[in-house]
Structure formats: structure tokens, C-alpha cells
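Residue numbers (the numbering used here): 123 to 663.
Ideal Cβ positions, reconstructed from N, Cα and C, are used throughout, including at glycine.
In what follows, a single structure is set out as C-alpha cells and then discussed.
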RNA sequence: GCCCUCAUAGCUCAACGGAUAGAGUACCGGUCUUCGGAACCGAGGAUGGGGGUUCGAUUCCCUCUGAGGGCACCA
């Protein structure tokens, strides 16, 4: 945990500690102190708005308070923190409305770069379920959001030290209407879900003698199998568990057990021949039906049993990534969670933790259209990947927040794919790789120490930006803003290109060793960030 | 009718309540025998309307307008 410890546990927290201590020395009761990474490198490596926040409480102007704080920090630095502070922080200044900016010494930056990133393993068991498309057809572009968000989030959480299980829930219960409809189609008694691809799968199966449910499950498994292959090979998303509703909840009797439990705990009642669940007593808008009047359970029984199953397997955090068309179920499942006593998250939030991916709408000739299978205007994820490549598609879906409403225009997608920011980032990586390769055949030149190198602003900005990596990962593992990865990768590429412009690593027959080391760390950090997004970092393009 | 989400540059998107609201793309001007020009530098261009809270609001609250989604004995 060297680098992570150095910069999060030591540097960031150390600054937080000395600011807090300075506040107390002035006689201010200190609460939360925010330490940030300023966007502008001229504002230092770390920055705090403490004086602005506490200025009013002390009746002093923010700038004046900031000045006092800096004075206290400098005063107590040697006695309280020893010589360490002087070795790591070169300059503290008051700027703007009253910000206090901290500039690291070159040796602090250098040692951070040398140590490289590593993370503290918490081993907290996290389950993340995503995609979970019905086994009635192929994945379309709407599934792309939850697919790439879930996959990248799982990668980030795993890197941040959590024990992550990625899970896919297969809605293959023979009791579901979808499966029955699919069965009808299989037996030639319906048209639901029929596509050329589905018909091809139907021809490969002998349905004679099967009832609708059996035929539906059979066909669903064929669809599921090809979807699974596409998800793994085409999308590069890996799942640890493929959870079959039909086998592991219905056939195993878990659904029945859950139903009995709900009844015995007096959480249900009968009305109009159906069995209802009292979720409204736990914050839900209205009570849903658990068992229909025809005796068949609804999806809800299985969904409750499924989530209970996850908690029973020891997961502390249970995450679901759903489409916006399911957002109405969030409150319902969380009401069930309170009902059954599912544990809260570390931040005392309800479980399951649900992320809602806004739906994707289509645009053609400037006109918005609703994506509809029946109208035939569905864009399959498969087609997108085939046309643009997985890197472009992944970036396209990952560089924006999950709650943005994206409209998809194929013409714009084509135009943008050629000038996609992902190429910009990959290009910066390839360039750095090329430099490193070139230096292998050269001798080390003179006067190449790091302190001199980072006198060049772009070199310093690049070094500082690289050291942000573990903080970016840590922050995403807290706030789940996966799209910040794309932004970080882009800013790394921007800094790398500026560095390339200002610093010659290889010149004549020799190379600058500290510049080369910085270039290599930049290359590795870009690659690692892209890899969290599931995007490749080619050595040459 | 009720509920959820969203509205930022011509376009696609950023911005823990903070510093001059940032990128990419498009358009305009420049760099140019390059450690890889898929690059670099410069210019113009934006917070839907109206209130409120705050030292400070794109961000929080209210309201209006517009867009998407939900409100099944479908999943």
C-alpha cells in the first residue's frame, strides 16, 4: 500500500490534520476540513477552502483567517510534525478568496512516482449485479450503459481492495410471462420476441412434446448462451456468477421458503384472491401483489428471495444496476429490505444500493424516436461493437454520468468515432511507449535530476496528475462516479502531450533519465486508467 | 393526476457549495524537415425562465417551462 498510503493516508490526511490543528490553535472548534486536488496546477498539489468555511464563524475575513492559519501551520510545523513537513511541503500560500494551497517538494513527488500505486485490501464483500437482460433477445444499446458502468465499477472496487463478485441474474423462471410467451413462439403459437436470430435458434431445437413453459425455458437458455458469449467475448465483461432464477430460486424451493417466511411474519394479506405484501408500512407507495389469484407467484417473490440469498452469502454491500424503466422498484426493494432487516451500507444507506441508468433514445434525421423492437428501430450492441470497435463503444458509454439522458444518433456516432477522445488518450500512450522504446538503445545523458525536470511547469503538472491516480480510484469507490475515469484519462493525456511538447526525453544519442522515468510512469498510469474502463492501451496505433 | 431523472458552448459531455464554469468536436487564425502532426498554440462561443438559502449556487430549496421514464395479478 505504499503509494496509496503515502498520498492518502499520509499526505492528504497529514494536511487535513495540520489544518485542523491550526484551526484549534486559533480557538476555532474544527469540524470537517476539505482537502482537494485543485484543477489548476498553479493552485498547488493540494488545496483547502477551510478559511472560507470558517471565516464567518470566527468573524474574520477568509483571507485574514487563511493568513493566520498558514502562520500557525508554519509555527507548529517543526515542533509537531518534525522535519517531515519541510521535506514534503515546499510552499504554502493563501490565494483567491482565501484558499490555502500546498505545494509538494520535488522529493515528495519523486518518491511518490517511484513507489507507484498500491491499495489497502479491505476484503469487504461486495456483490454487483448488472445487465441481467431477459433471455428473450439480444442486447441492444440500452444495455450498454449498465453493462459498461457495472463492469468498470467492479474493476474500480476490486482495485480499491474490495472482494467483488460480479453477478448476472437470468430471468428464466418457467413461471414468468416472458418465458411462457417465448414458449408460445417456440411452439408456433405466438410471435413475441421473434427475430431472424431467434428463429435460427428455434430451428436447432426439437420442441416436440414440450409444453409452453418447458419450450420457453429451453429456448431462453439458447438465447442466454449466445448472450453470455457476446458479453464475455464481444464486450469483455466477466461475470463470476450466472444466477439462474429457475434453478436456484424456483426449483430449489427458495422462493417457497421466502413466501412462507413473509406469511409467518405477518407481512402479507389476502385480497381479491391474491396475496399482497405490506410494503406500504415500510415506506413504499402501495402494496404489490406477491401471488396472483391464479396461484402463480409474481417476479417479486423471486426478487426478494434473490436479494436475501445475496445477503445470506455474506455480502456486506449489494449493488444493482437497473434501467430507468425499473426505477419504480427501487423504493419497493428498499422497503422490503427494511421489512426483512437487511443491513444498511457503511454510510447508513438503504440496501440494495441501486444505480439507475437513464434510457437511451434514438435520433434519426434530427427526429427523436422511441427505440422499439416492434417498429424495428433497435440498435444492437453487437452491431455497434462490430462497426466501431469495443474501445470506442466503451468510451462512448463511459465518459458520461449514468443519469445523463443520452440520445443516440448513428450518424453522429460515425462522425465521432473517428475523432473520439479515446484515440487522443490512446495516442498519448502510444507516443510515450515509442519514446521509451527509443531510449532503450541510448545512453544516459548528464544533468537529469528530477528536481530540475519539474522546474518545467508541464513536467511538474504531469507528475502531480499521475499521483492523483489512487485518489481518483478511492473517490470512485466512494461516490461511484465511474465516468470520472474517462475525464482523468483525458487529463493525463493532455498533460502528457504538454510534457512531450516541452521536454525532450531522447536527444541526440542520449536520454534524460528522470524525464524517461516520468514518461514511463505516465504511460503506465494512462494504461491502468484505460484498463479500468476495459479499454486497451496500444503500444502503437 | 402522482412519483423518479434530466436541461450547461452550434454539437457530445465535465465541474465534493468555491478560485477566470472545463474538455472534445465544429468554425477561424497560427506552429510544421516531428524523441510519432491521430499533435501543439491562439480566438470566438454556455449555466432554460423566475424566486429563495448562502460570504459564495451549474450544484441545495420552491415554482414555471420543456424532455425521458415509471405508476400491472409484466419482469
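Legend entry - Residues bridged to residue 320 [DSSP beta-bridge criterion]: Here the question's residue 320 lines up with position 198 in the first chain. DSSP, once it has assigned bridges, lists no residue as partnering residue 320.
Inset, instruction - Pick helix, strand or coil for residue 483, following the three-state DSSP scheme. - result: Here residue 483 is taken as the residue at index 361 of the first chain, counted from 1. In this structure, residue 483 counts as strand in the three-state DSSP scheme.
Inset, instruction - In the DSSP assignment, find the beta strand (DSSP E) that holds residue 514 and state where it starts and stops. - result: Start at 1 with the first residue of the first chain, and residue 514 comes out as number 392. Where residue 514 is concerned, there is no enclosing beta strand (DSSP E), although the alpha helix (DSSP H) it sits in stretches over 512-520.
Inset, instruction - Leaving aside the five residues before and after residue 168 along the sequence, list all residues of the same chain whose C-beta is less than 6 Å from its C-beta, in chain order. - result: Position 46 of the first chain holds residue 168. So the qualifying residues of the chain are 137, 157 and 224.
Legend entry - Contained beta strand (DSSP E) runs [length at least 3] in the stretch 161-185, N- to C-terminal order: 168-170
Inset, instruction - Please state whether DSSP places residue 204 in a helix, a strand or coil. - result: On the first chain, position 82 is the one that residue 204 refers to. Bear in mind that a pLDDT of 45 at residue 204, under 50, signals an unreliable position, so the number given afterwards is only what the model happens to contain. DSSP places residue 204 in coil when its eight states are reduced to three.
Legend entry - Reference residue 330; option with closest CA among 413, 599 and 309: The residue labelled residue 330 in the question sits at position 208 within the first chain. Among 413, 599 and 309, the Cα nearest to that of residue 330 is on 309.
Inset, instruction - Use the C-beta contact count for residue 272: other C-beta atoms within 10 angstroms, 16 or more gives buried, fewer gives exposed. - result: Translated into positions along the first chain, residue 272 becomes position 150. With 16 or more other Cβ atoms within 10 Å, it is buried.
Inset, instruction - Please confirm whether residue 250 and residue 441 have their CB atoms less than 7 Å apart. - result: By 1-based counting over the first chain, the position of residue 250 is 128. By 1-based counting over the first chain, the position of residue 441 is 319. Contact: yes.
Inset, instruction - Measure the C-alpha to C-alpha separation of residue 149 and residue 197 and round it to an integer number of angstroms. - result: By one-based count along the first chain, residue 149 stands at place 27. By one-based count along the first chain, residue 197 stands at place 75. Those two C-alpha atoms are separated by around 15 Å.
Inset, instruction - May I ask which residues mark the beginning and end of the alpha helix (DSSP H) holding residue 411? - result: Locating residue 411 in the first chain gives position 289, counting from the first residue. Residue 411 -> not in any alpha helix (DSSP H); beta strand (DSSP E) instead, spanning 411-413.
Legend entry - DSSP-derived helix/strand/coil call for residue 586: By one-based count along the first chain, residue 586 stands at place 464. Three-state result, residue 586: helix.
Inset, instruction - Quick one: grab the DSSP three-state call for residue 393. - result: Position 271 of the first chain, counted from the start, is the residue given in the question as residue 393. Correct three-state label for residue 393: strand.
Legend entry - First through last residue of the beta strand (DSSP E) which encompasses residue 327: By 1-based counting over the first chain, the position of residue 327 is 205. Run containing residue 327: none; DSSP gives neither H nor E here.
Inset, instruction - Would you list the one or two residues that DSSP bridges to residue 419? - result: Here residue 419 refers to the residue found at position 297 of the first chain. According to DSSP, residue 419 bridges with 413.
Inset, instruction - Please list, in chain order, all residues of the same chain as residue 583 whose beta carbon is under 6 Å from its beta carbon, the five residues on each side excluded. - result: As a working mapping, residue 583 is identified with position 461 in the first chain. The answer, listed in chain order, is 163 and 617.
Legend entry - Terminal residues of the beta strand (DSSP E) in which residue 260 lies: Locating residue 260 in the first chain gives position 138, where the first residue counts as 1. Element bounds for residue 260: n/a, residue is neither H nor E.
Inset, instruction - Check whether the stretch 608-623 touches the stretch 258-270, taking contact to mean three or more Cβ pairs, one atom from each stretch, closer than 8 Å. - result: no
Legend entry - Close-in-space but distant-in-sequence residues of the same chain around residue 649 (CB under 8 Å, 5 per side omitted): Your numbering for residue 649 matches position 527 in the first chain. Contacts found: 551 and 659.
Inset, instruction - Please name the residue or residues paired with residue 288 in a DSSP beta bridge. - result: Looking up residue 288 in the first chain gives position 166. Beta-bridge pairing links residue 288 to 250.
Legend entry - Beta-bridge partners of residue 398, as assigned by DSSP: Against the first chain, residue 398 aligns to sequence position 276. Answer is 391 and 411.
Legend entry - residue 470 in three-state terms, based on DSSP: Within the first chain, the letter at position 348 stands for residue 470. Of the three classes helix, strand and coil, the one that applies to residue 470 here is coil, per DSSP.
Inset, instruction - Return the chain-ordered list of same chain residues with a C-beta closer than 7 Å to the C-beta of residue 217, the five sequence neighbours on each side being excluded. - result: Locating residue 217 in the first chain gives position 95, where the first residue counts as 1. Excluding residues within five positions, the ones whose Cβ falls inside 7 Å are 165 and 223.
Legend entry - Three-state class that DSSP yields for residue 243 in the structure shown: Here residue 243 is taken as the residue at index 121 of the first chain, counted from 1. Reduced to three states, the DSSP call for residue 243 is coil.
Legend entry - Integer-rounded CB distance, given that residue 226 should sit under 8 Å from residue 258: As a position in the first chain, residue 258 is number 136, starting the count at 1. As a position in the first chain, residue 226 is number 104, starting the count at 1. About 56 Å separates the two Cβ atoms, so there is no contact after all.
Legend entry - Contacting residues, own chain, Cβ-Cβ under 7 Å from residue 396 (five flanking each side not counted): Counted from its first residue, the first chain places residue 396 at position 274. 411, 413, 414 and 415.
Inset, instruction - Apply the 10 Å Cβ neighbour rule to residue 170 and answer buried if 16 or more other Cβ atoms are within range, or exposed otherwise. - result: In the first chain, the residue the question calls residue 170 occupies position 48. It counts as buried.
Inset, instruction - Could you tell me whether the stretch 642-657 touches the stretch 537-554, where touching means 3 or more Cβ pairs closer than 8 Å? - result: yes
Legend entry - residue 531: first and last residue of the uninterrupted beta strand (DSSP E) it sits in: Within the first chain, the letter at position 409 stands for residue 531. 529-531 is the span of the beta strand (DSSP E), which, as asked, contains residue 531.
Legend entry - Collapsed DSSP secondary structure at residue 345 in the structure displayed: Indexing the first chain from 1 puts residue 345 at position 223. Helix, per DSSP.
Legend entry - Buried/exposed call for residue 205, threshold 16 Cβ in 10 Å: The sequence position of residue 205 within the first chain is 83, counting from 1. Because the pLDDT at residue 205 is just 48, under 50, the model does not fix this residue reliably, and the point stays unresolved.
Legend entry - Residue span of the beta strand (DSSP E) that contains residue 445, given as start and end: The residue you call residue 445 lines up with position 323 of the first chain. Run containing residue 445: 439-445, per the beta strand (DSSP E) assignment.
Legend entry - Helix, strand or coil at residue 619 [DSSP, three-state]: The residue given as residue 619 occupies position 497 in the first chain. Helix.
Inset, instruction - For residue 223, name the three-state secondary structure that DSSP assigns. - result: Locating residue 223 in the first chain gives position 101, where the first residue counts as 1. Reduced to three states, the DSSP call for residue 223 is strand.
Legend entry - Beta-carbon proximity list for residue 664, same chain, < 6 Å, skipping 5 on both sides: Shown here, the chain extends from 123 to 663; a query on residue 664 therefore has no answer.
Legend entry - Residues bridged to residue 629 (per DSSP): In the first chain, counting from the first residue as 1, residue 629 sits at position 507. Answer is 632.
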